[in-house]
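There are 2 protein chains.
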Amino acid sequence: MAAFISQGLQEEGYNVFVAYDGIYGLELVKQKNIDLVVLDIILPKMDGREVAKQIRTLGFTTLPIIMLTALGTTENIVMGLDCGADDYLIKPFKFKELLARIRARTRSGNLGENNNQKIVLSDLEMDVDAKSVTRAGKTIKLTSTEFRLLEFLLKNKNKVLNRVEILESVWDINFNLGTNVVDVYVNYLRNKIDKQYNEKLIHTVIGMGYIMKINN
Amino acid sequence: MAAFISQGLQEEGYNVFVAYDGIYGLELVKQKNIDLVVLDIILPKMDGREVAKQIRTLGFTTLPIIMLTALGTTENIVMGLDCGADDYLIKPFKFKELLARIRARTRSGNLGENNNQKIVLSDLEMDVDAKSVTRAGKTIKLTSTEFRLLEFLLKNKNKVLNRVEILESVWDINFNLGTNVVDVYVNYLRNKIDKQYNEKLIHTVIGMGYIMKINN
DNA sequence: TATTCTTTTTAATGAAATTTAAAATTAAAT
DNA sequence: ATTTAATTTTAAATTTCATTAAAAAGAATA
Numbered sequence: 508m509a510a511f512i513s514q515g516l517q518e519e520g521y522n523v524f525v526a527y528d529g530i531y532g533l534e535l536v537k538q539k540n541i542d543l544v545v546l547d548i549i550l551p552k553m554d555g556r557e558v559a560k561q562i563r564t565l566g567f568t569t570l571p572i573i574m575l576t577a578l579g580t581t582e583n584i585v586m587g588l589d590c591g592a593d594d595y596l597i598k599p600f601k602f603k604e605l606l607a608r609i610r611a612r613t614r615s616g617n618l619g620e621n622n623n624q625k626i627v628l629s630d631l632e633m634d635v636d637a638k639s640v641t642r643a644g645k646t647i648k649l650t651s652t653e654f655r656l657l658e659f660l661l662k663n664k665n666k667v668l669n670r671v672e673i674l675e676s677v678w679d680i681n682f683n684l685g686t687n688v689v690d691v692y693v694n695y696l697r698n699k700i701d702k703q704y705n706e707k708l709i710h711t712v713i714g715m716g717y718i719m720k721i722n723n
Numbered sequence: 508m509a510a511f512i513s514q515g516l517q518e519e520g521y522n523v524f525v526a527y528d529g530i531y532g533l534e535l536v537k538q539k540n541i542d543l544v545v546l547d548i549i550l551p552k553m554d555g556r557e558v559a560k561q562i563r564t565l566g567f568t569t570l571p572i573i574m575l576t577a578l579g580t581t582e583n584i585v586m587g588l589d590c591g592a593d594d595y596l597i598k599p600f601k602f603k604e605l606l607a608r609i610r611a612r613t614r615s616g617n618l619g620e621n622n623n624q625k626i627v628l629s630d631l632e633m634d635v636d637a638k639s640v641t642r643a644g645k646t647i648k649l650t651s652t653e654f655r656l657l658e659f660l661l662k663n664k665n666k667v668l669n670r671v672e673i674l675e676s677v678w679d680i681n682f683n684l685g686t687n688v689v690d691v692y693v694n695y696l697r698n699k700i701d702k703q704y705n706e707k708l709i710h711t712v713i714g715m716g717y718i719m720k721i722n723n
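Given below as structure tokens:
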């Protein structure tokens, strides 16, 4: 069952962690940055209702919890909801319904704190809040200047930026054209971001500047 | 049906407004200060799904909507939820279940509920009300400045905070950059929180600031 | 009030990391 | 072939951090 749901959700683009018992599930909630919990009632080690209660007492008051169960009686539904679940789904259920309920729970507006801004270009991802960058899932360590440059390039992806624009935005220099820092730093970025991948994302437009885009 | 629900809810102590068609229901949402909507799909003048959509586009993004319907097929449930409903109840239903679902929807969003707020990051727990901090179950004694700093860092976990932001929030200083109190206090926190544990939670991002997160 | 203890701030140090300018190399355009 | 533009490499200069110690400020106690 868990494998089935996990695979289905991953195919929809969700990032899924699976716990096969209640204790470990609770641990995942603490460890990872979870947006929503799908919780079966009957679990080894710790009952799903107890897990829900614990999640709430830990302070995750707005984390959506959808309970899954075979027990479809009104008493069970009422008890499950009163343990802190936000929603209740009775087995057997259609996967499409689970998806719809997940969408309903994670709709913007419901989602509280965790709206961290991400910029994406192909398999390159930048988290502006965490100041972190990954390519193909692997984290890339950048210095602050490298990060600011990449941020500026990504925020203007599909647009050619000349050296003066870049100098003004990233270095706060409005005159001195006798420097080649931009070139040097584009080189640093290429080494870290493009070198080991076939698909290049940073492109030179000779006589004009640089552009980040997916090549055709 | 509406009369039955209305009476039942009133007996539970809820303040109820009843609308016998969609247009008037929408009007009530705009006029009154509604905490939750129980919405039948089949309605005169305006369909329940349309009402839900309108409520959302009017800007009531978090107002809970529970849909009632006789159409229990998956397609209908999915459509109802995607119209903006938070929950879906199939007729005939037990009144107790409706009550439980209403409680689930109005639980944490309810005003005034001042239960102790906890912030958790891995095995580090902060009780903001009790002003207490534990790591791996062991209590950690913090001075007030240390606590305020940790609180700010934890409330912004997974986000890099630069020294100016920290100074402004924790020390109420908006200019003086000639101080290194932040560094010194981060060092104090590290000694108390991270030093004796393998998993470090406070991280330096050189040239950018500090971040609290679980390292991957 | 004086004394002691705790907390907070400032300052100084050395180590580590980052940034920069300049030169050397390579590639592109005329 | 020559000029111009772009890239890479190097090493020195600079910045940023962590840590420590000591001074200053604040609380608690006698």
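Heads up: the sequence lines are chains A and B, in that order. Residue numbers for the first sequence follow my numbering, beginning at 508 and rising by one. Residue numbers for the second sequence follow my numbering, beginning at 508 and rising by one. The beta-carbon is built from N, C-alpha and C at its ideal position, and this holds for glycine as well. Keep in mind that this is a model prediction, so the values were computed, not measured.
- Message: Going by DSSP, what residue range makes up the beta strand (DSSP E) through tyrosine 595/B?
- Response: For tyrosine 595/B, the uninterrupted beta strand (DSSP E) segment begins and ends at 594-597.
- Item | 7 Å CB neighbourhood of asparagine 617/B in its chain, flanking five on each side removed | The predicted position of asparagine 617/B is uncertain, since its pLDDT is 41 and thus under 50; no value can be drawn from it.
- Message: Starting from glycine 532/A, trace the alpha helix (DSSP H) in both directions and tell me its first and last residue.
- Response: From DSSP, the alpha helix (DSSP H) with glycine 532/A extends over 529-538.
- Message: Does chain B have any CB closer than 8 Å to the CB of leucine 618/A?
- Response: Any answer about leucine 618/A is weak, because its pLDDT of 40 lies below 50 and its placement is not dependable; what the coordinates show is given next. So, not an interface residue.
- Query: From asparagine 722/B to threonine 646/A, what distance separates their C-alpha atoms?
  - Reply: Cα to Cα, the separation comes out at about 11 Å.
- Task: Over the uninterrupted beta strand (DSSP E) stretch that includes arginine 642/B, give me the two end residues.
- Result: Where arginine 642/B is concerned, the enclosing beta strand (DSSP E) stretches over 639-642.
- Query: Under a CB-based cut-off of 8 Å, is aspartate 597/B close to chain A?
  - Reply: The residue asked about is misnamed: residue 597/B is isoleucine in this sequence, not aspartate. Not closer than 8 Å to any Cβ of chain A, the Cβ of isoleucine 597/B fails to qualify, so no.
- Message: Give me the DSSP bridge partner(s) of isoleucine 718/A.
- Response: His710/A, per the DSSP bridge assignment.
- Query: Can we say the region 649-669 of chain A touches the region 692-708 of chain A, given the rule of at least three CB pairs closer than 8 Å?
  - Reply: Two segments are said to touch when three or more pairs of C-beta atoms, one from each, lie closer than 8 Å; by this definition the region 649-669 of chain A touches the region 692-708 of chain A.
- Members of the region 564-584 of chain B near chain A, C-beta cut-off 7 Å: Interface annotation for the region 564-584 of chain B against chain A: Thr568, Thr569, Thr581 and Ile584, criterion Cβ-Cβ distance under 7 Å.
- What residues in its chain sit with their C-beta under 6 Å from that of tyrosine 704/A, if we drop five residues either side in the sequence? Taken in chain order, the list of residues that qualify is empty.
- Taking the C-alpha atoms as reference points, what is the distance between glycine 515/B and phenylalanine 602/B? Separation of glycine 515/B and phenylalanine 602/B (C-alpha to C-alpha, rounded to the nearest whole angstrom) is 8 Å.
- Query: With respect to the beta strand (DSSP E) encompassing glutamate 632/B, which residues constitute its N-terminal and C-terminal limits?
  - Reply: Where glutamate 632/B is concerned, the enclosing beta strand (DSSP E) stretches over 631-634.
- Message: Can you check which of these residues, Asp594/A, Lys699/A and Leu606/A, is closest to tyrosine 733/A by C-alpha distance?
- Response: An answer regarding residue 733/A cannot be provided, because it is not within the stretch 508 to 723 covered by chain A.
- Message: My output table needs one value for methionine 586/B: the three-state DSSP class, helix, strand or coil.
- Response: Annotated three-state conformation of methionine 586/B is helix, per DSSP.
- Query: The alpha helix (DSSP H) spanning leucine 657/A covers which residue range?
  - Reply: Boundaries of the alpha helix (DSSP H) around leucine 657/A: 651-662.
- Item | the region 635-644 of chain B contacting the region 675-695 of chain B, beta-carbon criterion three pairs below 8 Å | A contact between stretches requires three or more CB pairs, one per stretch, nearer than 8 Å, and the region 635-644 of chain B fails this requirement with the region 675-695 of chain B.
- Buried or exposed: where does lysine 702/A fall if 16 or more other Cβ atoms within 10 Å of its Cβ makes it buried? Lysine 702/A comes out exposed.
- Task: To the nearest angstrom, report how far apart asparagine 698/A and glutamate 653/A are at their CA atoms.
- Result: Spanning the alpha carbons of asparagine 698/A and glutamate 653/A requires a straight line of approximately 11 Å.
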